[in-house]
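Per this note's numbering: the sequence shown = residues 6 to 370.
Cβ atoms here follow ideal geometry from the backbone N, Cα and C, with glycine treated the same way.
For reference, the structure discussed in these notes is given below.
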Amino acid sequence: MRLKFKPSNTIAACCLAFLFVAPNVIAGPVGMSLGPVELQSVGPMTFATSGVLLVGDPKAATVYAIATEDSREGSGQPDISDLQAAVKSALHLEGNVGIGELAVNPDSGSVFLSVTAGGQVHLVKVDGDSKISKVNLDKIYHASKVLPNAPEDKDNNQGGRNRNRRNSSITDLAFFEGKVMVSGLSAGDSPSRVIEMPFPFAENSVTTSVDIFHAAHGRVEDATIQTFLPLVVDGEPSLLAGFTCTPLVRFPVKSLDGSDKVRGTTVAELGNRNQPLDMVVYEKDGKTSILMNNSARGTMKISTDGISQRDGLTERVGNGGTAGQPFETIESLAGIKQMDKLDASHAVAIVDVKGTLALKTIELP
6 MRLKFKPSNT
16 IAACCLAFLF
26 VAPNVIAGPV
36 GMSLGPVELQ
46 SVGPMTFATS
56 GVLLVGDPKA
66 ATVYAIATED
76 SREGSGQPDI
86 SDLQAAVKSA
96 LHLEGNVGIG
106 ELAVNPDSGS
116 VFLSVTAGGQ
126 VHLVKVDGDS
136 KISKVNLDKI
146 YHASKVLPNA
156 PEDKDNNQGG
166 RNRNRRNSSI
176 TDLAFFEGKV
186 MVSGLSAGDS
196 PSRVIEMPFP
206 FAENSVTTSV
216 DIFHAAHGRV
226 EDATIQTFLP
236 LVVDGEPSLL
246 AGFTCTPLVR
256 FPVKSLDGSD
266 KVRGTTVAEL
276 GNRNQPLDMV
286 VYEKDGKTSI
296 LMNNSARGTM
306 KISTDGISQR
316 DGLTERVGNG
326 GTAGQPFETI
336 ESLAGIKQMD
346 KLDASHAVAI
356 VDVKGTLALK
366 TIELP
């Protein structure tokens with residue numbers, strides 16, 4: 006005997022209600038919407054939580070939070086001997102392919118790269134088996150935040166050289182204690198700044214102008230932070246910032262409250278004619294160290310011993326000399342262009358090997 010089921014009015018109403026509720030069930034992350042992300046330029050990248058990639062777009066003076074949906078923990082360590090050729094082949098790109106920034110998802114170990122080709126900026130994922138895939142930015146959950154008072158997007162002649170200050174509107178970013186921190190230039194008389202914003206993005210951002218004593222030049226400057234690292238020093242949340250030519254400066258996070266211009270403590274001078282590129286902090290043999298790669302001075306392992314007690318440099322350090330925090334140059338890690346921490350004992354790096362860019366997993370020294 007076949008039984009026939011006749012839905013009641015109550016059940017029918019529940020089904021109808023589900024049709025209206027269902028879209029909320031499959032909605033994306035809180036504070037994000039589904040749509041295209043059109044990056045105008047290559048900028049710094051880092052991960053927040055739950056596979057959300059933070060991407061700085063200096064040309065647009067905008068920070069994006071992109072839900073990569075990359076959450077599965079992987080294994081393996083990526084190793085690609087010719088990164089540009091591999092990306093070009095995997096994505097079927099034509100012409101010149103430029104490799105930009107790098108970020109490692111701490112939840113999965115996957116590496117994300119920004120790539121330029123044909124006048125467009127692409128995002129690429131590399132898994133632990135070195136498999137390359139493109140992140141579809143045409144339709145992806147994301148949120149964005151336009152930075153206030155960004156420099157005008159035009160060339161200016163400074164010291165006989167044309168420079169577009171907008172390109173430095175975002176020089177680095179980080180996710181720290183549930184907030185997004187951004188360094189870069191603003192328009193106005195005190196251009197070097199740090200912005201702290203809630204995550205997901207909201208209107209109550211805090212902007213603080215900063216300056217430093219630059220020991221190599223022997224004077225106070227409002228130089229631009231090139232790269233920074235948030236960390237806790239003796240229980241105090243701090244921001245350790247690297248500047249061109251190469252002062253290393255500590256700012257207590259609590260001082261970056263938007264009230265006044267803040268002068269950091271210059272804890273080291275690491276040599277002139279150089280730009281710091283990336284920093285990672287790690288523990289090894291009971292010691293906390295910072296690994297920093299540079300444009301002209303190799304890769305440095307910097308001790309954090311006594312960094313919170315250091316009064317700071319106040320006198321000129323001439324002739325390209327160094328002073329302050331002790332460090333050593335790791336010759337075996339020469340040629341690193343970009344890097345990010347993979348796990349407690351490894352980092353992933355883009356390395357220039359005799360003119361060819363390789364993606365390598367390196368052991369933290």
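Boundaries of the alpha helix (DSSP H) in which residue i is found, first to last residue
i	result
Gln163	Segment Asp160 to Gln163 is the beta strand (DSSP E) holding Gln163; no alpha helix (DSSP H) there.
Gln89	Leu88 to Leu96
Collapsed DSSP secondary structure at residue i in the structure displayed
i	result
Ser337	helix
Asn172	helix
Pro252	strand
Val102	strand
Val238	strand
Phe25	Low confidence applies here, because Phe25 scores a pLDDT of 44, under 50, leaving its location unreliable; read the following figure in that light. Three-state result, Phe25: helix.
Met186	strand
Met37	coil
Asn277	coil
Phe10	Here Phe10 scores only 36 on pLDDT, less than 50, and its place in the model should not be relied on; the value that follows carries that caveat. Three-state result, Phe10: coil.
Leu44	coil
Ser264	coil
Leu347	coil
Asn167	strand
Ala328	strand
Ser243	strand
Range covered by the beta strand (DSSP E) that runs through residue i
i	result
Glu320	No beta strand (DSSP E) contains Glu320, which DSSP labels as neither H nor E.
Phe374	One cannot answer for residue 374 here, as it falls past the ends of the chain, which runs 6 to 370.
Pro205	Element bounds for Pro205: n/a, residue is neither H nor E.
His127	Gln125 to Val131
Met305	Thr304 to Ser308
Val258	Taken as a continuous stretch (DSSP letters only), Val258 belongs to no beta strand (DSSP E), as it is neither H nor E.
Asp283	Pro281 to Lys289
Ala148	Ile145 to Val151
Met297	Lys292 to Asn299
Thr361	Thr361 to Glu368
Asp177	Asp177 to Phe181
Asp62	Val57 to Asp62
Asp316	Counting along the chain, Asp316 falls outside any beta strand (DSSP E), and DSSP gives it neither H nor E.
Phe357	Reading off the sequence shown, one finds Asp at residue 357, where the question assumed Phe. Segment His351 to Val358, the beta strand (DSSP E) holding Asp357.
Ile85	Premise fails: Ile85 is in no beta strand (DSSP E) and is neither H nor E.
Ser138	Ile137 to Val140
Ala70	Thr67 to Ala72
Thr51	Met50 to Phe52
Option in the options with minimal Cα separation from residue i
i	options	result
Arg353	Ser46, Ser313 and Glu106	In the sequence on display, residue 353 carries Val and not Arg. Ranking the options by Cα distance to Val353, first place goes to Glu106.
Glu368	Lys159, Glu288 and Gly124	Glu288
Asn209	Lys184, Gly311 and Pro257	Lys184
Gln343	Phe180, Lys259 and Ser119	Ser119
Gln314	Leu275, Lys346, Asp239 and Val258	Asp239
Gly33	Ser337, Ala70 and Met50	Ala70
Phe181	Ser243, Ala301 and Ile335	Ser243
Leu142	Ser135, His127, Ala155 and Phe233	His127
Ser260	Thr213, Leu236, Ile295 and Leu296	Thr213
Val358	Ser337, Pro370, Thr121 and Leu347	Ser337
Taking contact to mean 3 or more Cβ pairs, one atom from each stretch, closer than 8 Å, check whether the stretch 56-69 and the stretch 143-163 are in contact. Flag = yes, the stretch 56-69 and the stretch 143-163 touch.
Where in the stretch 189-234 do unbroken runs of the alpha helix (DSSP H), each at least 4 residues long, occur, reported from the N-terminal end onward? You should have found no qualifying run.
Report yes or no: do the stretch 83-98 and the stretch 195-205 share at least 3 C-beta pairs separated by less than 8 Å? Verdict: no, contact absent.
Does the stretch 357-365 come within contact of the stretch 300-318, defined as at least 3 CB pairs closer than 8 Å? Between the stretch 357-365 and the stretch 300-318, the count of Cβ pairs shorter than 8 Å is below three; the stretches do not touch.
State whether the stretch 221-230 contacts the stretch 154-166, with contact taken as three or more CB pairs (one from each stretch) at a distance under 8 Å. By the C-beta criterion, the stretch 221-230 is judged not to be in contact with the stretch 154-166, since fewer than 3 inter-stretch pairs fall below 8 Å.
The stretch 131-143 / the stretch 90-104 touching (three or more Cβ pairs under 8 Å): With contact defined as three or more Cβ pairs closer than 8 Å, the stretch 131-143 and the stretch 90-104 are in contact.
Evaluate contact between the stretch 266-281 and the stretch 236-254, counting only Cβ atoms and requiring at least three cross-stretch pairs below 8 Å. Between the stretch 266-281 and the stretch 236-254, the count of Cβ pairs shorter than 8 Å is three or higher; the stretches touch.
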